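Chains as they are written, first to last, in my numbering: chain W, 344 to 504; chain A, 12 to 147.
Beneath this line is the structure, given in structure tokens, with notes to follow.
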């Protein structure tokens, strides 16, 4: 049975001490993206691919540190303005069941020697899913992890589940 | 009508072409193409004679037969991409038939001012949808 869809919108705003070009490269370069987005401590990545262009797709399949729960992410890139904007639609699957469909918008703006970064997610959550609070927590962690990638700061501690 | 019949009008390209179309008199050289499965694409285009040309391109993200459809779509106005949206359609059985709920999340780009026209356009389509279903 399906339950009514739960809709939610949230934004995460932060800054990085590197220029927009470098932040953008962490999204567009498959090797860098896989490192901060997929290959995180305790997780096993069984598949990762990225075709970064409008109309291109990204896929990752990962197993959680518990060795049991599997998650898959499928993304379609819809709008890319180099060093400024990335818009994508993505779904998340937990143990083979789709739990959400979202629209994600990344906006980058030069601020002094660094970058002002805004991520906006507009999401439809399905039954058995994580919901907006956990989703925002997950992205917040990933954007801190991205900071490590950009600055060499230590990788943040994993989120306790 | 029951949800299964309403759902068929979204999943079957022949039925969907009857309501998901341009207003009377618009250029209809690009009829709807629909590959109704997760990951499948949908396209159409058109515009008033001698006027602008709008182009629609969608990708299906989630399908639960007779219950739920989620897709993402882009709208182009001439050569300009004006929006990227996530649309959710829910079909719920009610005493008198089906309650249809359409929810749209949109990112409107580069200063394009929608000024309510997307909601107006969606209502135009849903009116056409209702007429097609009650006539059938």
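We put the beta carbon where it would ideally sit given N, CA and C, even for glycine.
Because the structure is a prediction, the values reported are computed rather than measured.
### Query
Taking Cβ positions only, does residue 488 of chain W come closer than 7 Å to chain A?
No, no contact with chain A.
### Task
Alpha carbon to alpha carbon, how far is residue 345 of chain W from residue 486 of chain W? Give it in angstroms, no decimals.
Inter-residue distance for residue 486 of chain W and residue 345 of chain W is about 32 Å (C-alpha atoms, whole angstroms).
### Message
Please confirm whether residue 97 of chain A has its beta-carbon closer than 7 Å to some beta-carbon of chain W.
### Response
Judged by the 7 Å Cβ criterion, residue 97 of chain A is in contact with chain W.
### Message
So, with DSSP's three-state summary, where would you put residue 502 of chain W?
### Response
DSSP places residue 502 of chain W in the coil class of the three-state scheme, outside both helix and strand.
### Task
Compare the C-beta of residue 345 of chain W with all C-beta atoms of chain A and state if any pair is closer than 7 Å.
Interface flag for residue 345 of chain W against chain A is set, since a Cβ pair is found closer than 7 Å.
### Message
Please tell me whether residue 21 of chain A and residue 80 of chain A are closer than 7 Å, where the distance is taken between their beta carbons.
### Response
Judged by their CB atoms, residue 21 of chain A and residue 80 of chain A are nearer to each other than the 7 Å cut-off.
### Task
Can you give me the Cβ contacts of residue 118 of chain A inside the same chain, cut-off strictly under 8 Å, excluding the 5 residues immediately before and after it?
Around residue 118 of chain A: 94, 95 and 96.
#### Entry: Within 7 Å of chain W by C-beta, residues of the stretch 61-80 of chain A in sequence order
Result list: 70, 72, 73, 75, 78 and 79.
### Message
Nearest by alpha-carbon distance to residue 3 of chain A: which of A/90, A/56, A/72 and A/13 is it?
### Response
Outside the displayed range of chain A (12 to 147) lies residue 3 of chain A, so it cannot be described from this structure.
### residue 106 of chain A (DSSP reduced to helix, strand or coil)
Look at residue 106 of chain A here: in three-state DSSP terms it is coil, with no helix or strand label.
### Message
Determine, for residue 422 of chain W, whether the minimum Cβ-Cβ distance to residues of chain A falls below 7 Å.
### Response
At least one C-beta of chain A is nearer than 7 Å to the C-beta of residue 422 of chain W.
### Query
Between the beta-carbon of residue 418 of chain W and the beta-carbon of residue 387 of chain W, is there less than 7 Å?
No, these two residues do not count as a Cβ contact at 7 Å.
#### Entry: residue 116 of chain A vs residue 446 of chain W beta-carbon contact at 7 Å
Yes, they are a contact pair.
### Task
Please state if the CB of residue 350 of chain W and the CB of residue 432 of chain W are separated by a distance shorter than 7 Å.
Their beta carbons are not under 7 Å apart, which means residue 432 of chain W does not touch residue 350 of chain W by this criterion.
#### Entry: Own chain partners of residue 18 of chain A with C-beta closer than 7 Å, once the 5 adjacent residues on each side are dropped
Contacts found: 76, 77 and 102.
### 7 Å Cβ cut-off: residues of chain A touching residue 396 of chain W
Chain order gives no chain A residues near residue 396 of chain W, where near means a beta carbon separation below 7 Å; the closest approach is about 14 Å.
### Message
Any beta carbon from chain W within less than 7 Å of residue 104 of chain A's own beta carbon?
### Response
No, because no Cβ of chain W sits closer than 7 Å to the Cβ of residue 104 of chain A.
### Message
For the beta strand (DSSP E) containing residue 361 of chain W, name the first residue and the last one.
### Response
Note, residue 361 of chain W: premise wrong, no beta strand (DSSP E); not H, not E.
### Query
Thinking C-alpha only, which one of A/89, A/109 and A/133 is nearest residue 123 of chain A?
Ranking the options by Cα distance to residue 123 of chain A, first place goes to A/89.
### Query
Which chain A residues are close to residue 352 of chain W, counting only those with a beta carbon under 9 Å from its beta carbon?
Within 9 Å Cβ-Cβ: 116.
### Query
According to DSSP, what are the bridge partners of residue 465 of chain W?
Residue 465 of chain W is bridged to W/352 and W/446.
### Query
Going along chain W, which residues have a C-beta under 7 Å from residue 137 of chain A?
For residue 137 of chain A, none of the residues of chain W pass the 7 Å Cβ criterion, the least Cβ distance being about 18 Å.
### Query
Is there at least one Cβ from chain W nearer than 7 Å to residue 83 of chain A's Cβ?
Chain W, which has a Cβ nearer than 7 Å to the Cβ of residue 83 of chain A, makes this yes.
### Query
Are residue 39 of chain A and residue 61 of chain A close, meaning C-beta to C-beta below 7 Å?
The Cβ atoms of residue 39 of chain A and residue 61 of chain A lie no closer than 7 Å to each other.
### Message
At the 7 Å Cβ level, is residue 348 of chain W part of the contact set with chain A, yes or no?
### Response
It does; some Cβ of chain A falls within 7 Å.
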